[in-house]
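Taking the UniProt record's numbering, the leading residue of the sequence shown gets 1, the next gets one more, and so forth.
Below is one structure, written out as structure tokens; comments come after it.
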Amino acid sequence: MKNKLNINKSKKIPYRKNFELNNKENTNFNSQNDRLKFDKFLISIFGISSLGLFSKMKYDEYKNTITLQEFVNLYLSKGYVDRIQVNNERGKAYLKENSKMKQVQDSMGLNTLNFVPIEYSHLISFKKIVNDLLPRAIGITIALLLLRSFSKSISNSASDRLIKSNYSSFSQVKNMNKNIKFSDIAGMKEAKQEIYELVEFLKDPKRFQDLGAKIPKGALLVGPPGTGKTLLAKAVAGEANVPFFYISGSDFIEIFVGMGASRVRELFSQARKLSPSIVFIDEIDAVGRKRAKGGGFAASSNDERESTLNQILVEMDGFTENNGVIVLAGTNRSDVLDPALTRPGRFDRIINIERPNLEERKEIFKIHLKPLKLNEKLNKDELIKYLACLSPGFVGSEIRNLCNEAAIHAARRTSNSGVDLIDFDKASDRIIGGLKKLDGYLSPKEKKIVSLHESGHAIAGWYLKHADPILKVSIVPRTGGALGFAQMVPNELRLLSKEALLDKIAVLLAGRASEELYSESITTGAYDDLQKATMIANSMITLYGMDPQIGLTTFNSNMNIDGTSSNSNNTSSYSLYKPYSEATSQAIDNCIRKMINDQYSRVKELLILKKEQVHKLSDLLLNKETVTNQDINECIGPMPSKL
Numbered sequence: 001m002k003n004k005l006n007i008n009k010s011k012k013i014p015y016r017k018n019f020e021l022n023n024k025e026n027t028n029f030n031s032q033n034d035r036l037k038f039d040k041f042l043i044s045i046f047g048i049s050s051l052g053l054f055s056k057m058k059y060d061e062y063k064n065t066i067t068l069q070e071f072v073n074l075y076l077s078k079g080y081v082d083r084i085q086v087n088n089e090r091g092k093a094y095l096k097e098n099s100k101m102k103q104v105q106d107s108m109g110l111n112t113l114n115f116v117p118i119e120y121s122h123l124i125s126f127k128k129i130v131n132d133l134l135p136r137a138i139g140i141t142i143a144l145l146l147l148r149s150f151s152k153s154i155s156n157s158a159s160d161r162l163i164k165s166n167y168s169s170f171s172q173v174k175n176m177n178k179n180i181k182f183s184d185i186a187g188m189k190e191a192k193q194e195i196y197e198l199v200e201f202l203k204d205p206k207r208f209q210d211l212g213a214k215i216p217k218g219a220l221l222v223g224p225p226g227t228g229k230t231l232l233a234k235a236v237a238g239e240a241n242v243p244f245f246y247i248s249g250s251d252f253i254e255i256f257v258g259m260g261a262s263r264v265r266e267l268f269s270q271a272r273k274l275s276p277s278i279v280f281i282d283e284i285d286a287v288g289r290k291r292a293k294g295g296g297f298a299a300s301s302n303d304e305r306e307s308t309l310n311q312i313l314v315e316m317d318g319f320t321e322n323n324g325v326i327v328l329a330g331t332n333r334s335d336v337l338d339p340a341l342t343r344p345g346r347f348d349r350i351i352n353i354e355r356p357n358l359e360e361r362k363e364i365f366k367i368h369l370k371p372l373k374l375n376e377k378l379n380k381d382e383l384i385k386y387l388a389c390l391s392p393g394f395v396g397s398e399i400r401n402l403c404n405e406a407a408i409h410a411a412r413r414t415s416n417s418g419v420d421l422i423d424f425d426k427a428s429d430r431i432i433g434g435l436k437k438l439d440g441y442l443s444p445k446e447k448k449i450v451s452l453h454e455s456g457h458a459i460a461g462w463y464l465k466h467a468d469p470i471l472k473v474s475i476v477p478r479t480g481g482a483l484g485f486a487q488m489v490p491n492e493l494r495l496l497s498k499e500a501l502l503d504k505i506a507v508l509l510a511g512r513a514s515e516e517l518y519s520e521s522i523t524t525g526a527y528d529d530l531q532k533a534t535m536i537a538n539s540m541i542t543l544y545g546m547d548p549q550i551g552l553t554t555f556n557s558n559m560n561i562d563g564t565s566s567n568s569n570n571t572s573s574y575s576l577y578k579p580y581s582e583a584t585s586q587a588i589d590n591c592i593r594k595m596i597n598d599q600y601s602r603v604k605e606l607l608i609l610k611k612e613q614v615h616k617l618s619d620l621l622l623n624k625e626t627v628t629n630q631d632i633n634e635c636i637g638p639m640p641s642k643l
């Protein structure tokens with residue numbers, strides 16, 4: 001098996017690449033020769049036209065001329081002139097053809113019947129041809145030259161693109177660099193374990209085949225953007241040591257009908273020739289969406305995409321055997337994929353890659369902190385722990401961006417000691433809320449209102465039992481639109497209790513409650529808090545069955561009778577259809593309103609009880625603008641037992 005792989009890699013792949021390069025070079029060479037011949041042809045026509053024009057000028061220069069008096073005496077007075085044509089200042093006289101010959105025969109005494117017959121003929125001279133065709137030849141030459149220059153500017157026309165599309169499939173399917181291993185990827189232990197089995201299948205298939213196992217035909221990597229789906233596929237290529245083909249789902253779609261299906265056939269044909277091999281289709285949802293039901297415009301407008309999808313289905317599990325070719329695909333929209341694509345036999349495994357938890361974020365930070373020059377005073381282990389807590393919900397790409405922004409901030413302040421803790425804090429603030437507004441001046445009154453608002457959030461989060469811990473509070477206006485924010489460390493548990501959700505609502509409403517209690521009037525600053533609180537309350541009542549009046553029912557208008565989503569083909573997540581009566585709708589509205597009012601009253605009582613702490617923290621914010629968990633601890637004391 002190893003010898004077979006070495007032969008394929010050493011001979012077939014370079015041969016194919018050389019073949020396409022030679023084809024392209026030959027095509028370019030032929031086109032250059034054709035253009036050179038065409039240019040010579042145009043130059044020849046232009047030269048002949050110029051020569052004719054020159055000869056005409058010379059002919060006009062040496063013509064015999066007579067005076068007007070000579071013309072009158074010799075021709076006009078003797079009746080030889082048939083007609084005269086005057087054009088501007090020049091005149092042209094036409095002589096009678098038979099006038100002179102008739103006079104000669106009369107003078108000889110011949111009878112008219114005995115006149116010698118005279119035959120006239122009109123000969124076209126070369127000079128006349130040149131004079132007639134010369135202007136036309138010059139005009140045609142100029143038109144061809146203009147057309148030639150214009151054709152260069154539209155070389156990317158539809159016809160050229162149609163010809164070039166024959167080569168595009170090979171340029172888009174390429175062998176990737178195999179320099180990434182599983183050891184280079186932090187976190188996602190379960191996903192790595194599942195996908196590593198595919199590598200073992202390729203390395204030692206006999207061990208599995210002896211037990212009757214068949215190699216999986218495909219694996220679908222599903223997860224939010226930035227979680228490392230493509231990176232995991234690159235690691236498979238580095239570990240498996242087999243030919244690896246990469247293509248994006250959008251590369252299959254062309255404006256020319258049939259090109260997508262043709263490209264799919266060519267891709268799998270090359271993969272089979274080099275089997276065992278791996279094909280990775282990134283963002284497969286671009287071509288693998290659910291097919292439209294029925295006909296009409298919606299169906300006909302997607303014929304090209306659907307024909308491409310049908311060809312993928314046939315290649316993965318049709319009459320043609322696909323032994324030795326494993327198909328990997330990545331997407332963050334698995335809900336829109338066609339069921340025929342995700343069934344076993346095509347994608348035997350669906351590998352979910354989730355956002356990293358606290359421990360996984362620590363591992364990711366270890367990797368991305370390696371290239372940074374850190375301040376020697378920093379304890380790296382403590383820094384990693386702090387940054388992992390500072391970045392809840394961050395994926396791998398966001399963690400890498402945070403480290404890069406910290407290094408940029410350190411360079412901006414011309415730090416000689418390296419990247420410090422303040423640089424990571426500034427980078428985190430920029431990612432969460434945006435840059436600090438340079439012209440975001442707040443009046444003293446506005447600044448006081450914002451400090452009271454954020455203090456209300458912080459005090460509620462500090463004392464409520466199930467609230468998320470407070471990490472940082474700031475009243476610095478940001479380019480993201482926020483005048484301030486209270487950053488908390490969300491609970492990473494998958495199950496949330498009813499009490500925890502109610503405390504979330506209370507913390508969100510604490511900002512408005514603090515404004516109402518301790519400032520002159522309420523403001524629009526609580527808009528986002530009210531929106532989030534309403535969404536949580538609505539979910540508790542209509543989805544989770546946490547209200548005794550509505551009961552243990554779920555009202556999801558996007559669900560079919562079998563529990564599947566009915567909104568996979570729609571772009572909006574909302575539906576005009578309500579699976580309940582108007583009376584139930586009114587009851588739901590009343591329950592949401594009651595739940596929010598109860599939590600608002602509850603958090604107001606807490607803020608009245610902790611009035612002194614609210615004002616202390618507000619004054620600290622006015623002085624420092626940004627306070628951390630440690631600052632809050634020093635200001636109002638350590639966090640007591642939760643109420």
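Just so you know, even glycine gets a beta-carbon here, dropped at the ideal spot from N, CA and C.
Keep in mind the model is a prediction, meaning the values are calculated, not measured.
Problem set entry | Residues near Ser397 in its chain [Cβ-Cβ closer than 6 Å; skip 5 each side] | Along the sequence shown, one-based indexing puts residue 397 at 397. Excluding sequence neighbours, Ser397 sits near Gly226.
Problem set entry | Exposure label - Thr331; buried when at least 16 CB within 10 Å | The residue you call residue 331 lines up with position 331 of the sequence shown. Buried is the call here.
Problem set entry | Terminal residues of the alpha helix (DSSP H) in which Tyr463 lies | For the purposes of this step, residue 463 is taken as residue 463 along the sequence shown, with counting starting at 1. Counting along the chain, the alpha helix (DSSP H) containing Tyr463 begins and ends at 444-463.
For this session: Determine the contact status of Ser514 and Ile449, defining contact as a CB-CB distance below 7 Å.
Result: Here residue 514 refers to the residue found at position 514 when the sequence shown is read from its first residue. Here residue 449 refers to the residue found at position 449 when the sequence shown is read from its first residue. Cβ atoms of Ser514 and Ile449: not closer than 7 Å.
For this session: In the DSSP assignment, find the unbroken alpha helix (DSSP H) run with Phe347 in it and report its ends.
Result: The residue given as residue 347 occupies position 347 in the sequence shown. It is not in any alpha helix (DSSP H) - Phe347 carries neither H nor E in the DSSP assignment.
For this session: Please list, in chain order, all residues of the same chain as Asn629 whose beta carbon is under 8 Å from its beta carbon, the five residues on each side excluded.
Result: On the sequence shown, residue 629 is found 629 positions in, with the first residue counted as 1. So the qualifying residues of the chain are Pro469, Ile470, Leu471, Lys472.
Exercise. Which stretch, first to last residue, makes up the beta strand (DSSP E) that contains Glu327?
Worked result: For the purposes of this step, residue 327 is identified with residue 327 of the sequence shown, where counting begins at 1. With the sequence shown as reference, residue 327 is identified as Val, and Glu is not the correct amino acid for it. Start and end: 325-331.
For this session: Could you tell me whether the Cβ atoms of Phe182 and Glu239 are closer together than 7 Å?
Result: Here residue 182 refers to the residue found at position 182 when the sequence shown is read from its first residue. Here residue 239 refers to the residue found at position 239 when the sequence shown is read from its first residue. Taking 7 Å as the Cβ cut-off, Phe182 and Glu239 qualify as a contacting pair.
Exercise. How would you call Lys78, buried or exposed, if buried means at least 16 neighbouring beta carbons within 10 angstroms?
Worked result: Locating residue 78 in the sequence shown gives position 78, counting from the first residue. Lys78 is exposed by the Cβ-count criterion.
Exercise. Got a sec? Which residues, its chain only, sit under 7 Å from Asn556 by beta carbon, not counting five neighbours each side?
Worked result: For the purposes of this step, residue 556 is identified with residue 556 of the sequence shown, where counting begins at 1. Excluding sequence neighbours, Asn556 sits near Leu543.
For this session: Measure the alpha-carbon distance for Gly480 versus Asp429 and round it to whole angstroms.
Result: Position 480 of the sequence shown, counted from the start, is the residue given in the question as residue 480. Position 429 of the sequence shown, counted from the start, is the residue given in the question as residue 429. Each residue's alpha carbon lies about 11 Å from the other.
Exercise. Along the chain, where does the beta strand (DSSP E) that runs through Gly218 open and close?
Worked result: By one-based count along the sequence shown, residue 218 stands at place 218. Its beta strand (DSSP E) spans residues 218-222.
Exercise. Nearest-angstrom Cα distance between Pro579 and Ile608?
Worked result: The sequence position of residue 579 within the sequence shown is 579, counting from 1. The sequence position of residue 608 within the sequence shown is 608, counting from 1. Rounded to the nearest angstrom, the two C-alpha atoms are 42 Å apart.
Exercise. Using CA coordinates, which residue listed in Pro392, Lys380, Leu387 is at the minimum distance from Arg355?
Worked result: Stepping through the sequence shown from its first residue, residue 355 is reached at position 355. Of the listed residues, the one whose Cα sits closest to Arg355 is Pro392.
Problem set entry | DSSP beta-bridge partners of Asp282 | Taking the first residue of the sequence shown as 1, we reach residue 282 at position 282. Residue pairing for Asp282: DSSP places it in a beta bridge opposite Ser248, Gly330.
Exercise. Going by the beta-carbon positions, is the gap between Met316 and Arg346 smaller than 7 Å?
Worked result: Within the sequence shown, numbered from 1, the residue matching residue 316 stands at position 316. Within the sequence shown, numbered from 1, the residue matching residue 346 stands at position 346. For Met316 and Arg346, yes; Cβs fall inside 7 Å.
Exercise. Between which two residues does the alpha helix (DSSP H) harbouring Val314 extend?
Worked result: Locating residue 314 in the sequence shown gives position 314, counting from the first residue. Counting along the chain, the alpha helix (DSSP H) containing Val314 begins and ends at 303-316.
Exercise. In chain order, what residues of the same chain have a beta carbon less than 7 Å from the beta carbon of Ala271, not counting five sequence neighbours either side?
Worked result: As a position in the sequence shown, residue 271 is number 271, starting the count at 1. Closer than 7 Å at Cβ, skipping near neighbours: Phe245, Ser277, Val279, Val325.
Problem set entry | Contact between the region 499-512 and the region 610-622 (3+ Cβ pairs under 8 Å) | No, because fewer than three Cβ pairs between the region 499-512 and the region 610-622 fall closer than 8 Å, the two stretches do not touch.
For this session: Please go through the same chain and pick out, in chain order, the residues whose beta-carbon is closer than 8 Å to the beta-carbon of Ile596, but skip the five residues on each side of it.
Result: Here residue 596 refers to the residue found at position 596 when the sequence shown is read from its first residue. Same-chain partners within the cutoff: Ile505, Leu509, Ala533, Thr534, Ala537.
Problem set entry | Residues bridged to Tyr94 [DSSP beta-bridge criterion] | Stepping through the sequence shown from its first residue, residue 94 is reached at position 94. Arg83.
For this session: Give every residue of the same chain whose Cβ lies closer than 6 Å to the Cβ of Lys189, excluding the five residues on either side of it in the sequence, and list them in chain order.
Result: What you label residue 189 is simply residue 189 of the sequence shown in a count that begins at 1. Answer for Lys189: no residue qualifies.
For this session: Report the rounded CA-to-CA distance for Gln594 versus Ile541, giving the unit in angstroms.
Result: Counted from its first residue, the sequence shown places residue 594 at position 594. Counted from its first residue, the sequence shown places residue 541 at position 541. Going by the sequence as given, residue 594 is Lys instead of Gln. Taking the straight line joining both Cα atoms gives about 11 Å.
Exercise. Secondary structure at Met259, three-state DSSP: helix, strand or coil?
Worked result: Residue 259 sits at position 259 when you count from the first residue of the sequence shown. Met259 falls in the helix class under three-state DSSP.
Exercise. What residue from Gly212, Leu202, Ile353 has the CA that sits closest to Ala191's CA?
Worked result: The sequence position of residue 191 within the sequence shown is 191, counting from 1. Taking only the C-alpha atoms, the option nearest Ala191 is Ile353.
Problem set entry | Between the CA atoms of Phe485 and Gly434 - distance to the nearest angstrom | Indexing the sequence shown from 1 puts residue 434 at position 434. Indexing the sequence shown from 1 puts residue 485 at position 485. Near 11 Å, if we compare the C-alpha coordinates of Phe485 and Gly434.
For this session: Spell out a yes or no on whether the region 417-424 and the region 364-380 are touching, meaning 3 or more CB-CB pairs, one atom from each, closer than 8 Å.
Result: yes
For this session: Could you please give the first and the last residue of the uninterrupted beta strand (DSSP E) stretch that includes Met188?
Result: Walking along the sequence shown from the start, residue 188 turns up at place 188. First-last for Met188: undefined, no H or E at that position.
For this session: Check whether the Cβ atoms of Arg412 and His368 sit closer than 7 Å, and answer yes or no.
Result: Your numbering for residue 412 matches position 412 in the sequence shown. Your numbering for residue 368 matches position 368 in the sequence shown. Not a contact, by the Cβ cut-off of 7 Å.
Problem set entry | Beta-carbon proximity list for Ser334, same chain, < 6 Å, skipping 5 on both sides | For the purposes of this step, residue 334 is taken as residue 334 along the sequence shown, with counting starting at 1. Within the same chain, Cβ atoms closer than 6 Å to the Cβ of Ser334 are found at Val222, the five residues on either side in sequence being excluded.
For this session: Answer with buried or exposed for Tyr527, where buried requires no fewer than 16 other C-beta atoms within 10 angstroms of its C-beta.
Result: As a working note, residue 527 is residue 527 in the sequence shown. Answer is exposed; the Cβ neighbour count stays below 16.
Exercise. Using the C-alpha atoms, what's the distance from Ile142 back to Asn73?
Worked result: Residue mapping note: residue 73 aligns to position 73 of the sequence shown, counting from 1. Residue mapping note: residue 142 aligns to position 142 of the sequence shown, counting from 1. One C-alpha to the other measures close to 47 Å.
Problem set entry | Length of the line joining the Cα atoms of Met488 and Cys389 | Translated into positions along the sequence shown, residue 488 becomes position 488. Translated into positions along the sequence shown, residue 389 becomes position 389. Their Cα atoms are separated by approximately 9 Å.
Exercise. Which residue comes first and which comes last in the alpha helix (DSSP H) that contains residue 645?
Worked result: Residue 645 lies beyond the range of the chain shown here (1 to 643); nothing can be said about it.
For this session: Using a threshold of 7 Å, state whether the C-beta atoms of Ile422 and Glu454 are closer than that.
Result: By one-based count along the sequence shown, residue 422 stands at place 422. By one-based count along the sequence shown, residue 454 stands at place 454. The criterion of a C-beta distance shorter than 7 Å is not satisfied by Ile422 and Glu454.
Exercise. Of all the options Ser269, Ile459, Thr524, which has the alpha carbon lying nearest to the alpha carbon of Asp503?
Worked result: Walking along the sequence shown from the start, residue 503 turns up at place 503. That would be Ile459, whose Cα lies nearest to the Cα of Asp503.
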